[in-house]
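Okay, so here's the structure we're looking at.
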Amino acid sequence: MKVLVSLVGLIFIFANAQTMYVKSLKAKIYEKPNLGSRVVATIKKGEKVKVLDKKGNWHFVKYDGVKGWVYSLLISPDKPPKKVPVLGGEKESDIIKGRKRSSTNITAAASRGLTEDFRKRKKEKYVSNYRSLERMESIRISQEEIEEFGEKLK
Amino acid sequence: MRFILYSLICSFFISFADENFRARKHIERWYKVTDEDIRAEVLLGREVAAKILGKYDLVDDEALQFYVNKVGKYLALYSGRGELDFKFGVINSKEINAYSTPGGYVFVTIGAIRKMKNEAELAGVLAHEIGHVVHMHVIKDLGFKGKGLPSSSLVMILSGGTQTISVTFSELIDKATDILFERGFRKEEEFEADETGVIIMAMAGYDPKAYVEFLKRTKYESVTHPNNKERVKRLELVINELKFKDGKRMGERFIKNVEVF
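Here the protein sequences come in this chain order: A and B. Going by this note's numbering, the first residue of the first sequence is number 960, and it counts up by one from there. Going by this note's numbering, the first residue of the second sequence is number -6, and it counts up by one from there.
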């Protein structure tokens, strides 16, 4: 009975192989479900794979004719979102606009009596250092430089 | 009919369950992520990062900051969070510690770097922090839970979409900073970040054993990173299970780039 149920399950899974997307910038496909096995392909964010099986935290996938195992952390059933714009200071980013919208709404909420504690607050618990934050954000490293940096690890 | 099919699938997986499969939380918790969710996460994380820098400023060494960013950004390629632009900073503190905030701001103390022997050890510490970001530990610890992405409720707060939530964004920032500076993550979250961290560093080509050696050598413990011995024990099990070999340590490149000894 157990074998029969498993067979039916197997047929069902293969007939309905799920499409998933790579959500990591890079994902290695391994011959076996462990990191010690051979890498059969390296795929990029947004690329589609067909899921054929699953074992623990690994998915057995098919990509461009190649079959292998990919770590579950790196794939998703949904198309991956675009990269979030970084606050660079050149022009007002979407995040800043979002913050302004939020501040407006929080102010509106305060007038509704929702932020009583906040209004009582005399000073912030922690000090912010935006100058250093912007310095940290200003460090830009191109994709090519990152790839080149990783070459030595191959 | 659907129930029967689901039952069949469950039976299939139960019957073929890997004997070595340990009872741990699965990392494949897929959420439908919207641009708003991610913006909210980055917005909160950025503010918390400013607080960290308010306490510990960046080390004034441009070359070191670039090098640590290269290691971190290379690791982030394999993090599973391709939508985030991870940022890394070396901060001025003698303590051996590291922090990360939602949205991908990662910090490591100069005290920790001084105790490192090679690039793989640095990669291990950074990858552990990336692990916290991947699993959204800060956001979950703030109490945002539910069916969807934890930061979805954060979006609701930021947009004033609910009248029942009486916390303000500023309070949230303080609470998130409290988690990092005072309360620390839960034990299970530390293990989860450790496990994800060694997987990320191994996929990137580093030797994950180097991270364990760093933990052992420094007895890396703090209010926010407790249970060193237990972590080491669990990490060794995970590394053994990964069957990873031939990882690199990059000692020479590390010494060349880190002139703080």
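In this text, a Cβ means the ideal position worked out from N, Cα and C, and glycines have one as well.
Might you give, ordered along the chain, the residues of its own chain that have their beta carbon closer than 6 angstroms to the beta carbon of residue i, omitting 5 neighbours on each side?
i	result
G124 (chain B)	A186, T189, G190
E1006 (chain A)	V981
F81 (chain B)	V61, N62, G65, V99
L984 (chain A)	K1004
R74 (chain B)	V127
N250 (chain B)	Y60
E164 (chain B)	none
E182 (chain B)	H130
E223 (chain B)	none
Taking the alpha-carbon positions, what's the residue i to residue j distance?
i	j	result
D28 (chain B)	E34 (chain B)	10 angstroms
D171 (chain B)	G177 (chain B)	8 angstroms
K140 (chain B)	A986 (chain A)	In this prediction, K140 (chain B) scores a pLDDT of 46, lower than 50, which makes its location untrustworthy; no coordinate-derived value is stated.
A116 (chain B)	M194 (chain B)	6 angstroms
I1002 (chain A)	E1083 (chain A)	46 angstroms
N220 (chain B)	E175 (chain B)	16 angstroms
M129 (chain B)	I1100 (chain A)	25 angstroms
G96 (chain B)	R1094 (chain A)	17 angstroms
E88 (chain B)	E1096 (chain A)	24 angstroms
A1000 (chain A)	L1092 (chain A)	38 angstroms
V41 (chain B)	V1020 (chain A)	38 angstroms
E1110 (chain A)	E112 (chain B)	14 angstroms
Y60 (chain B)	S72 (chain B)	19 angstroms
Q58 (chain B)	E990 (chain A)	37 angstroms
S1031 (chain A)	S86 (chain B)	36 angstroms
F247 (chain B)	V64 (chain B)	10 angstroms
I192 (chain B)	K168 (chain B)	30 angstroms
E252 (chain B)	R107 (chain B)	9 angstroms
L77 (chain B)	Y199 (chain B)	22 angstroms
D50 (chain B)	I31 (chain B)	26 angstroms
V126 (chain B)	V1025 (chain A)	31 angstroms
L119 (chain B)	L68 (chain B)	8 angstroms
L1073 (chain A)	V26 (chain B)	Any reading at L1073 (chain A) needs caution, since the residue's pLDDT is 37, under 50, leaving its predicted position unreliable; the model's value is listed next. Answer to the nearest angstrom: the Cα atoms are 28 angstroms apart.
V255 (chain B)	A197 (chain B)	Residue 255 (chain B) cannot be examined here, being either before or after the span of chain B that is shown, -6 to 254.
R1090 (chain A)	I84 (chain B)	14 angstroms
K236 (chain B)	K133 (chain B)	31 angstroms
E1107 (chain A)	T161 (chain B)	44 angstroms
E1103 (chain A)	V998 (chain A)	22 angstroms
G1027 (chain A)	A43 (chain B)	42 angstroms
L230 (chain B)	T102 (chain B)	28 angstroms
G38 (chain B)	F184 (chain B)	22 angstroms
What's the call for residue i, buried or exposed, on a 16-neighbour Cβ count within 10 Å?
i	result
K180 (chain B)	exposed
S1087 (chain A)	buried
G136 (chain B)	exposed
A56 (chain B)	exposed
P1036 (chain A)	exposed
D1023 (chain A)	exposed
V52 (chain B)	buried
G995 (chain A)	exposed
D239 (chain B)	exposed
K1113 (chain A)	exposed
K1013 (chain A)	buried
R210 (chain B)	exposed
Counting along the chain, where does the alpha helix (DSSP H) carrying residue i start and finish?
i	result
D1023 (chain A)	Element bounds for D1023 (chain A): n/a, residue is neither H nor E.
S93 (chain B)	Unbroken run through S93 (chain B) is the beta strand (DSSP E), 91 to 94; no alpha helix (DSSP H).
D30 (chain B)	28 to 48
L68 (chain B)	55 to 69
K985 (chain A)	First-last for K985 (chain A): 985 to 989, but that is the beta strand (DSSP E), not the alpha helix (DSSP H).
F247 (chain B)	244 to 250
I172 (chain B)	No alpha helix (DSSP H) holds I172 (chain B); DSSP gives it neither H nor E.
D239 (chain B)	Looking at the DSSP string, D239 (chain B) is not in any alpha helix (DSSP H), and its letter there is neither H nor E.
S1091 (chain A)	1089 to 1096
F1108 (chain A)	1102 to 1110
On the DSSP letters alone, give me the boundaries of the beta strand (DSSP E) that residue i sits inside.
i	result
M979 (chain A)	977 to 981
T1001 (chain A)	998 to 1003
K80 (chain B)	80 to 84
V205 (chain B)	Per DSSP, V205 (chain B) belongs to no beta strand (DSSP E); it is in the alpha helix (DSSP H), 202 to 211.
D1037 (chain A)	Counting along the chain, D1037 (chain A) falls outside any beta strand (DSSP E), and DSSP gives it neither H nor E.
L1011 (chain A)	1007 to 1014
Y199 (chain B)	Taken as a continuous stretch (DSSP letters only), Y199 (chain B) belongs to no beta strand (DSSP E), as it is neither H nor E.
F100 (chain B)	98 to 102
For the putative contact between residue i and residue j, defined by C-beta atoms under 8 angstroms, what is the C-beta separation to the nearest angstrom?
i	j	result
E114 (chain B)	S93 (chain B)	Incorrect: roughly 17 angstroms between the Cβ atoms, too far for contact.
I166 (chain B)	F100 (chain B)	Wrong, their Cβ atoms sit about 16 angstroms apart, outside the cutoff.
Y1085 (chain A)	G47 (chain B)	6 angstroms
L70 (chain B)	I1105 (chain A)	7 angstroms
Leaving out five residues on either side along the sequence, give the residues of the same chain with a beta carbon under 7 angstroms from the beta carbon of residue i.
i	result
K66 (chain B)	F79
T978 (chain A)	K1007, K1009
K212 (chain B)	N221
A203 (chain B)	N111, A113, E114, G117, R242
A976 (chain A)	K1009, V1010, L1011
Hey, is residue i close to the ligand PLP, as in C-beta under 6 angstroms from one of its heavy atoms?
i	result
F59 (chain B)	The ligand PLP is absent from the structure shown, which contains no ligands of any kind.
Please work out which residues of its chain come closer than 8 angstroms, Cβ to Cβ, to residue i, disregarding the five sequence neighbours upstream and downstream, and give them in chain order.
i	result
G1015 (chain A)	P992
I1098 (chain A)	none
G104 (chain B)	S86, K87, E88, I89, N90
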